[in-house]
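Numbering-wise (this note's numbering), the sequence shown opens with residue 275 and increments by one.
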Amino acid sequence: MAIVKKYKSAAEEVKEHIPGLFTVTFSSNKKFVYNPGQFLHLALDEYDGIGQWPESRCFSMQSNPDERNVTITYSVKGTFTKRMSELLISGKQVWLKMPYGDIFDRGHSLNNCVFLAGGSGVTPFLSLFTYRTFAEYVNPVLYLGLRSSEYNVFSAEIETAKKINDSFTVNYVYQDREGLIDIAQVLAEHSESVYFISGPPIMIKNFKIALLNGGVAENRILTDDWE
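Below is the structure:
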């Protein structure tokens, strides 16, 4: 497990895909060290690198450990993310503290894994999907639920993943057309799988309950629920 470090960083690129949905890439003079699926704490306020850590929020790394810079995607949902949308412009200095989390470091089978994601909850999965070790997975499947097609801002990473692992299957579920991911149907089609779940807390809770009630052992349900 990587040691938690503080990185004085700068926003290199800030992209607003649609109103309220942003992707930000950060650089640092120090090499970012983390594993796929981990997350960071982002602080916007001034900090001397030594004293009490300022107010921060958690965001999953969307980039993979081989990349020089770190990328996150976030939606404006509260006071902190509203400040981010106002303050995070190219060149803005921030502090990142990382890494945290171990969703892919808890021993699990690499065969027939099912990844269930809601919206930007797919970002920790993308850090694995675009990493070289994703080639070791056998017949992995992604179900990605999105409000509508305009929220699908992850196609570049998904295409990279398909090149790394040609057994990778991707299912987009657009809420405005198809409703929510049908967890009962997923379970019926993948009953002997390891399940990874990442997204809004209510989604994680409901999907986990449905899988447990469907007979899936708890050790085969791994969640990214640090919020």
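No residue lacks a Cβ here, since even glycine has one placed at the ideal position from N, Cα and C. The structure displayed is predicted, hence computed values, not measured ones.
Checklist entry - In the DSSP assignment, what are the bridge partners of residue 445? => result Position 171 of the sequence shown, counted from the start, is the residue given in the question as residue 445. Answer is 417, bridged to residue 445.
Checklist entry - Between residue 492 and residue 451, what straight-line distance do the alpha-carbon atoms span, to the nearest angstrom? => result Counted from its first residue, the sequence shown places residue 492 at position 218. Counted from its first residue, the sequence shown places residue 451 at position 177. Distance between residue 492 and residue 451, taken at the CA atoms: about 32 angstroms.
Next on the checklist: I'd like to know whether the C-beta atoms of residue 391 and residue 471 end up nearer to each other than 9 angstroms.
Outcome noted: For the purposes of this step, residue 391 is identified with residue 117 of the sequence shown, where counting begins at 1. For the purposes of this step, residue 471 is identified with residue 197 of the sequence shown, where counting begins at 1. Contact flag set, yes.
Checklist entry - Which runs of the beta strand (DSSP E) spanning at least 3 residues fall entirely within the region 380–407, listed in chain order? => result Whole beta strand (DSSP E) segments, 3+ residues: 388–392.
Item to check | Close-in-space but distant-in-sequence residues of the same chain around residue 482 (CB under 8 angstroms, 5 per side omitted) | outcome: If you number the sequence shown from 1, residue 482 lands on position 208. Taken in chain order, the residues that qualify are 471, 495 and 497.
Checklist entry - The beta strand (DSSP E) with residue 458 in it runs from where to where? => result In the sequence shown, the residue the question calls residue 458 occupies position 184. DSSP places residue 458 outside any beta strand (DSSP E); the residue lies instead in the alpha helix (DSSP H), whose first and last residues are 457–463.
Item to check | Residues sharing a beta bridge with residue 285, DSSP | outcome: Here residue 285 corresponds to residue number 11 of the sequence shown, with the count starting at 1. Paired residues: 300.
Item to check | Sequence-distant residues of its chain with Cβ nearer than 6 angstroms to residue 422 (five each side left out) | outcome: The residue you call residue 422 lines up with position 148 of the sequence shown. Answer for residue 422: 448 and 450, listed in chain order.
Next on the checklist: Pull the bridge partners of residue 292 from the DSSP assignment, please.
Outcome noted: Looking up residue 292 in the sequence shown gives position 18. Under DSSP, residue 292 shares a beta bridge with 295.
Item to check | C-alpha distance - residue 309 paired with residue 446, whole-angstrom precision | outcome: Locating residue 309 in the sequence shown gives position 35, where the first residue counts as 1. Locating residue 446 in the sequence shown gives position 172, where the first residue counts as 1. When rounded, the distance between both Cα atoms is 26 angstroms.
Checklist entry - What is the C-beta distance between residue 345 and residue 288, in whole angstroms, given that I count them as a contact (C-beta under 8 angstroms)? => result Numbered from its first residue, the sequence shown carries residue 345 at position 71. Numbered from its first residue, the sequence shown carries residue 288 at position 14. Wrong, their Cβ atoms sit about 11 angstroms apart, outside the cutoff.
Checklist entry - Just reading off the beta strand (DSSP E) that residue 477 is part of, what are its end residues? => result As a position in the sequence shown, residue 477 is number 203, starting the count at 1. Where residue 477 is concerned, there is no enclosing beta strand (DSSP E), although the alpha helix (DSSP H) it sits in stretches over 475–487.
Next on the checklist: So residue 469 and residue 444 are supposed to be a Cβ contact under 8 angstroms. How far apart are they, rounded?
Outcome noted: Sequence index remark: in the sequence shown, residue 469 carries index 195 (1-based). Sequence index remark: in the sequence shown, residue 444 carries index 170 (1-based). For residue 469 against residue 444, the beta-carbon gap comes to about 16 angstroms, at or over 8 angstroms, which does not count as contact.
Checklist entry - Quick one: any contact between the region 396–409 and the region 332–340, if contact means 3 or more CB pairs under 8 angstroms? => result In short, these stretches touch, since the Cβ pair count reaches three.
Item to check | Assumed close pair residue 488, residue 461 - CB separation to whole angstroms, cut-off 8 angstroms | outcome: Position 214 of the sequence shown, counting from 1, holds the residue named residue 488. Position 187 of the sequence shown, counting from 1, holds the residue named residue 461. Their Cβ separation, rounded to whole angstroms, is 5 angstroms, which keeps residue 488 and residue 461 in contact under 8 angstroms.
Checklist entry - Among the residues of its own chain, which have a CB less than 7 angstroms from the CB of residue 435, if the five just before and after it don't count? => result Residue 435 sits at position 161 when you count from the first residue of the sequence shown. Excluding positions up to five away in sequence, the list reads 403, 404, 408 and 442.
Checklist entry - Cα separation between residue 279 and residue 313? => result Against the sequence shown, residue 279 aligns to sequence position 5. Against the sequence shown, residue 313 aligns to sequence position 39. For residue 279 and residue 313, the distance between alpha carbons rounds to 12 angstroms.
Checklist entry - Among the residues of its own chain, which have a CB less than 6 angstroms from the CB of residue 350, if the five just before and after it don't count? => result The sequence position of residue 350 within the sequence shown is 76, counting from 1. The answer, listed in chain order, is 294, 356 and 359.
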